[in-house]
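Since the structure comes first, as structure tokens, the remarks are kept for the end.
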Amino acid sequence: MPSVTVIKEVKDSCTITVNEDDLTKYKADKCLESPKQFVPCSSGLQWSVCCYPKSFTPSLVYGNTISVYVVFTNDAIGAVSLIVNGTDIKNIRPHFRDGKVTITCDVRVEVAVPMSMLTHRMFQSCEDVPTDVELVVGDNVMKVHKQLLAFIAPGLYAGFNHDTVEARSGRVVITDFDFDIVKSAMDYFYGRKLDDISIDTIIGMLRFADKYNAKSADLEKVPFSNMTVASFCIIAHYAYDCCKDFLLVQCGKFFRNHQNQLKTTDQFAELPPAVIVRILELAFSLKGSFEVLCYAHKNKMPKVIEHFEKPMFESLSLTNFSETTKYAWDYSRKELKTKCAEFFYENRTELTVMSDFVKLKDVAIGVMQLSLNLQAK
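Under UniProt numbering, residues 1 to 377 are what the sequence shown spells out, in order.
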């Protein structure tokens, strides 16, 4: 299984000096470039500042200007700030001192780094303080600090605020997470080094954090940078269960681009139908159960079909009859067709004068014929 990576924002800075006579002596395509330098923690990404003095021209807004570009050797995501002699660039000419001006460029770049570089450092000083709480997971016990829980996991700490079993025993029994998940989560919150761990463990940690109200913005970024065909299902399931709407949107986009690889996997078929439906709605802008059903039929998704069809038998009404009947006939759903025919016979007086039913034309004739056949038996 590939190692998990995380997104970390790193900062870097460089300066370039422009002489005042450079504004007139250089040709338009002449560039002054700072030495290339490596972005910290990146895999060889370099950057530099390029300055074109010849583009100094009168401007109604800013006066005399020069062109300054930040150049990366590969695609990069981040932010750039340019400063001239300690102040934001406005009109360049007044900033020259002794015939030159210094331009400082500060960059903040997002880079992918190993999971071991992601730590929650503010709690590392707790290591020498005696523990006073035990987290019990099966036969395993992890000792932690109660006051630490107050900061990082209020949901766990809440049990100590009243006269509870936890408060009296100093032990919290956790039954819905494996010990490896709990230990990894607490190691992360303590700031201990995390070895390369799987995306399954990361999602378990995020579920643990969600249940016990333990917030961690950095940890929540991990699924975005590690979404693959192999990891998609566990990420999508987490995003749905824990109401991570923005992550769900990204799951929808990923599914749209990789549907042929995903829809045939056992992992996708084993997802709860509600998760699959939400992913399909986001991936293809489907609206309503019938649009999702049409997609499910065309792409052979029996779990989705069953998920929607079962309640149809129980909720058939005058309001949804025409739409349900059209679906049953369009996709040859034998049992549902029978149900529609029986419902039609019982409500034929009302249905035959409804415009939606009349518009069904051949389908309307079909349901009437089937209802008569059923009554003749």
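Built from N, CA and C at the ideal position, the CB exists for glycine as well. These numbers were taken from a predicted model, which means no experiment stands behind them.
Residue span of the beta strand (DSSP E) that contains residue i, given as start and end
i           : result
residue 11  : 5-19
residue 129 : First-last for residue 129: undefined, no H or E at that position.
residue 102 : 100-114
residue 299 : Residue 299 -> no beta strand (DSSP E), and no H or E assigned at all.
residue 67  : 67-72
residue 353 : Taken as a continuous stretch (DSSP letters only), residue 353 belongs to no beta strand (DSSP E), as it is neither H nor E.
Cβ-based neighbour list, residue i, same chain, cut-off 7 Å, excluding 5 preceding and 5 following
i           : result
residue 16  : 32, 34, 49, 51, 103
residue 360 : 322, 325, 326
residue 295 : 280, 284, 286
Residue environment, residue i, which counts as buried when at least 16 other CB atoms sit within 10 Å
i           : result
residue 66  : buried
residue 232 : buried
residue 213 : exposed
residue 105 : buried
residue 244 : buried
residue 22  : buried
residue 13  : exposed
residue 197 : buried
residue 278 : buried
residue 229 : exposed
residue 30  : exposed
residue 9   : exposed
Paired residues, beta bridge with residue i - DSSP
i           : result
residue 78  : 109
residue 52  : 67
residue 189 : Bridge partners of residue 189: none, in fact.
residue 46  : 38
residue 171 : 134
residue 33  : 50
Nonlocal neighbours in the same chain, by C-beta distance under 6 Å from residue i, ignoring five residues either side
i           : result
residue 185 : 205, 208
residue 399 : Since the first and last residues shown for the chain are 1 and 377, residue 399 lies out of range.
residue 42  : 111
residue 292 : 277, 280, 286
The alpha helix (DSSP H) enclosing residue i, as first and last residue numbers
i           : result
residue 327 : 321-330
residue 340 : 334-346
residue 273 : 273-284
residue 246 : 245-262
Cβ shell of residue i (< 8 Å), same chain only, five flanking positions each side left out
i           : result
residue 260 : none
- Whole beta strand (DSSP E) elements within the region 193-239, 3-residue minimum: If we require 3 residues or more, the region 193-239 turns out to have no beta strand (DSSP E) run fully inside it.
- Counting only runs of 3+ residues fully inside the region 129-169, write out the beta strand (DSSP E) ranges in chain order. List check, beta strand (DSSP E) in window: 133-137, 140-144.
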